[in-house]
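There are 2 protein chains.
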Amino acid sequence: MKYIIFSIKPVYIFLIAITFYSCSSTKSGIIKIQEQGSFAVGGTVKKSPGTFDPVEHGAFNPRNQSTEGQTLHGDHGTVFYQRPVNARELPLVFWHGFGQSMRTWQTTPDGREGFQSIFLRKRFPVYLIDQPRRGLAGRGTEGTTIPAATDDQLWFGIFRLGMGTEFYEGVQFSKDPQALDQFFRQMTPDTGPLEIDLNIAAVSALFDRIGPGVLVTHSHSGGQGWLTALQNQNIKGIVSYEPGSNFVFPEGEVPEPMPYLGGQLSARAVPMDEFKRLTEIPIIIYYGDYIPEEVTQNPGKEQWRVALAMARKWTETVKKHGGDVTLVPLPEIGLEGNTHFPMSDLNNKEVADHLFEWLKEKGLD
Amino acid sequence: MKYIIFSIKPVYIFLIAITFYSCSSTKSGIIKIQEQGSFAVGGTVKKSPGTFDPVEHGAFNPRNQSTEGQTLHGDHGTVFYQRPVNARELPLVFWHGFGQSMRTWQTTPDGREGFQSIFLRKRFPVYLIDQPRRGLAGRGTEGTTIPAATDDQLWFGIFRLGMGTEFYEGVQFSKDPQALDQFFRQMTPDTGPLEIDLNIAAVSALFDRIGPGVLVTHSHSGGQGWLTALQNQNIKGIVSYEPGSNFVFPEGEVPEPMPYLGGQLSARAVPMDEFKRLTEIPIIIYYGDYIPEEVTQNPGKEQWRVALAMARKWTETVKKHGGDVTLVPLPEIGLEGNTHFPMSDLNNKEVADHLFEWLKEKGLD
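Those protein sequences? They're chains A and B, same order as listed.
Heads up: the first sequence is residues 1 to 365, going by full-length UniProt numbering.
Heads up: the second sequence is residues 1 to 365, going by full-length UniProt numbering.
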């Protein structure tokens, strides 16, 4: 920058004004962070009997290490958070799905901004979770075996990018091979047995710590999200992208299991007085494209047929008991071609805009 | 910025100066991010023989899943980066140590800012790595078993917080039990066999992608850092906190293995023309406190006695061949009580300030 200023005239006032403007407004290019960081939430401690002897057992030997008297802190979730300047009141808490981590909400596979940065720009405090025994929260109190099985094409199908190795026509996913490479590398394995009670405890502990907020779930965390909201009053709204399991119904109103090619989807029963909690907060559920109404021989689509059917039943049930649930199959509002990951698809800004409008409408902004 | 001002009332100069100052300087409370995100680097692809049948094998069944014809993308590193406004030219690339992840550089166990935010405020672009088969980069092409063994007290000793369960006197670690709880929960296991060649390939791929930068290592990544610099010209300087192994010497100049209570520390040989590369960039090595000069019966201290002794030999050797290495045992510059994690100890701002001065001195800012 170079300024050549000869004498004081209105031009200075203009310059000062411009400078102040560019300084205090949220320019499109800049994210202003008041505070950011990471921490663990929830978790348990395992202790081995005996007494630790720091002389005898204080050196690292992976083949012969006494665990006598030692502890293991594990089963926590790990959170990375950012609070923007002039933050809105309610934070958005993002919880990944099966086989995923906080990467779900960061940069998209094709290198654009994910919901983390998109909603920071809209001045929401943003919390990203790695659930217990996943990603940065890898330390669990129970061991496991990681098979490293080749299964990319299985997930390509279940995540509805396409079938086999062929993309669906019109899918909102970049055809640059680098994008698919990045997408596959977002997956990360369980580092211990997957226990939803531990996950729920960790996310509930997060809401105990941060106070009121909106929970945003994806896929496998969808059902766990309902269960977390049953026990934590700080969850003031739920946004659920493609919930796939663990729909909770009041006892006596649980639908029959829904069979599909490859399995069946069962719902969970909870006492009516617990279920009522889900009628007290606004909820929105999104599903993407390529979800059939009828039985198909494509298992990658099939399981979502019953998930959407179950979500419809669930929506009716919550509404019947006075709740506020909006179910949005994205093609019905003109957003076509979405995969199981609308938050990182090519049209994720439109997907985010729809959520933003809903948050405003419900007073959750 | 350049100002050429010929005649102007002082009040306007003052106003404009104040405005620019508050705008372009990093105000204590605000971190201004130009761009942030995450991506995978390096990695391999494993493929099973045969042809994937999306109808037969397209549904998720953890007990009976054919891997025929499928791929597995794994062995990549995962990076989270932030580029501040008015960024300095050279980014800092932070690489964690054994059993750790990018959490090392984020919030400290007692809840203060780590090097991630401290150096963003100093306007460095900051890249945080999870090496292959760790944390967010959990997907590897080889399986493993995670034992979930109780070993907190082993690491309490090796990381030099204290011995057994007792903190060392004067240690720069909060006595709030929550801090130790958080510290233990930063650990996260290997999700596949630890292979340093994969780690080096991923970090080298990162430098291929981002161009020139400074590599900051910790502990186990220290030795891997030298090896990465041997093969990547974009590493323009190395900062190494408590390197513990894989010191590289020219063939014919490799010191004898150094025995210590619990094991022995060996050095690696590389051809002289490769070694020379380490004489071409400025390097600084830091060690904390509680490192004895003489043999002790405390294995947690013992291994660092030989690491520091090896680092001294290494420093001499690199210097002898014309290199620029500075070895800083922190107590010798008046910083006492540091653990194996100076970057997150109670005095981490002073530790960061020393690094900042060194970066300036070497023209790496």
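Note that beta-carbon positions come from the ideal geometry of N, C-alpha and C, so glycine has one too.
Everything numeric in this text was worked out from a predicted model, so none of it was measured.
Does the pairing of the region 47-66 of chain B with the region 125-136 of chain A give three or more beta-carbon distances under 8 Å?
no
Cα-Cα separation, residue 89 of chain B to residue 293 of chain A
55 Å
Got a sec: does the ligand ZN put a non-hydrogen atom nearer than 6 Å to the Cβ of residue 350 of chain B?
Looking at this structure, you won't find the ligand ZN or any other ligand, since it has none at all.
Check whether the Cβ atoms of residue 286 of chain B and residue 342 of chain B sit closer than 7 Å, and answer yes or no.
yes
Nearest chain E C-beta to residue 75 of chain A closer than 7 Å, yes or no?
This model lacks chain E altogether, as its protein chains are A and B.
Runs of 4 residues minimum, wholly inside the region 113-142 of chain A: which ones carry the alpha helix (DSSP H) assignment?
For the region 113-142 of chain A, the continuous alpha helix (DSSP H) assignments of 4+ residues that do not extend past its boundaries occur at 115-121, in sequence order.
For the region 129-141 of chain A against the region 88-107 of chain A, are there 3 or more C-beta pairs whose distance is under 8 Å?
yes
Does the beta carbon of residue 150 of chain A sit closer than 7 Å to a beta carbon anywhere in chain B?
yes
Using CA coordinates, which residue listed in B:356, B:345, B:363, B:349 is at the minimum distance from residue 180 of chain B?
B:345
Do you know offhand how far residue 30 of chain A's Cα is from residue 118 of chain A's?
11 Å
Please list the terminal residues of the continuous beta strand (DSSP E) segment that includes residue 35 of chain A.
From DSSP, the beta strand (DSSP E) with residue 35 of chain A extends over 31-47.
For residue 40 of chain A, would you say it is in contact with chain B, using Cβ-to-Cβ distances shorter than 7 Å as the test?
Output row for residue 40 of chain A: interface = yes.
Check the C-beta distance from residue 204 of chain B over to residue 222 of chain B and give it rounded, since I have them as a contact under 8 Å.
Contact flag wrong, Cβ pair sits at about 16 Å.
Does the region 34-45 of chain A touch the region 82-96 of chain A, meaning 3 or more C-beta pairs lie closer than 8 Å?
yes
Residue from A:106, A:70, A:91, A:59 whose Cα sits closest to the Cα of residue 78 of chain B
Checked all of A:106, A:70, A:91, A:59; the closest Cα to residue 78 of chain B is A:106.
Under 7 Å between C-beta atoms of residue 140 of chain A and residue 108 of chain A:
no
Quick check: the region 144-151 of chain A against the region 110-117 of chain A, are there 3 or more CB pairs under 8 Å?
no
Span of the alpha helix (DSSP H) holding residue 222 of chain B?
220-231 is the extent of the alpha helix (DSSP H) around residue 222 of chain B.
Can you round the beta-carbon distance between residue 266 of chain B and residue 259 of chain B to whole angstroms, since I take them to be within the 8 Å contact cut?
With a Cβ gap of about 10 Å, residue 266 of chain B and residue 259 of chain B do not count as contacting.
Using the C-alpha atoms, what's the distance from residue 40 of chain A back to residue 186 of chain B?
8 Å
Are the beta-carbon atoms belonging to residue 289 of chain A and residue 336 of chain A less than 7 Å from one another?
yes
For residue 323 of chain B, which option in B:157, B:251, B:281 has the closest C-alpha, if you only look at C-alpha atoms?
Among B:157, B:251, B:281, the Cα nearest to that of residue 323 of chain B is on B:281.
Quick check: what's the CA-CA separation for residue 235 of chain A versus residue 212 of chain A?
6 Å
Any C-beta of chain B sitting closer than 7 Å to the C-beta of residue 222 of chain A?
No, residue 222 of chain A does not count as interfacial toward chain B.
Reference residue 91 of chain B; option with closest CA among B:74, B:129, B:97, B:68:
B:129
Range of the contiguous alpha helix (DSSP H) that encloses residue 300 of chain A:
299-320
Ordered along the chain, which non-local residues of its own chain (more than five positions away) have a Cβ less than 6 Å from that of residue 326 of chain A?
284
Smallest Cα separation from residue 49 of chain B: which of B:42, B:58, B:59, B:67?
B:67
Between B:355, B:194, B:295, B:268, which lies nearest to residue 375 of chain B when the distance is taken from Cα to Cα?
Summary: the structure shown does not reach residue 375 of chain B, with chain B confined to residues 1 through 365, and so no result is reported for it.
Nearest by alpha-carbon distance to residue 227 of chain B: which of B:247, B:218, B:209 is it?
B:247
Output yes if chain B places a C-beta closer than 7 Å to the C-beta of residue 126 of chain A; else output no.
Not an interface residue.
In this structure, how does DSSP classify residue 148 of chain A when only helix, strand and coil are distinguished?
coil
Could you name the residues of the region 171-185 of chain A whose beta carbon sits closer than 8 Å to any beta carbon of chain B, in the order they occur along the chain?
181, 182, 184, 185
With distances taken from CA atoms, which of B:86, B:217, B:364 is nearest residue 94 of chain B?
Distance check between residue 94 of chain B and each of B:86, B:217, B:364 places B:217 closest, using alpha-carbon atoms only.
Does the distance from the CB of residue 73 of chain B to the CB of residue 45 of chain B come in under 7 Å?
yes
The alpha helix (DSSP H) with residue 270 of chain A in it runs from where to where?
Where residue 270 of chain A is concerned, there is no enclosing alpha helix (DSSP H), although the beta strand (DSSP E) it sits in stretches over 268-270.
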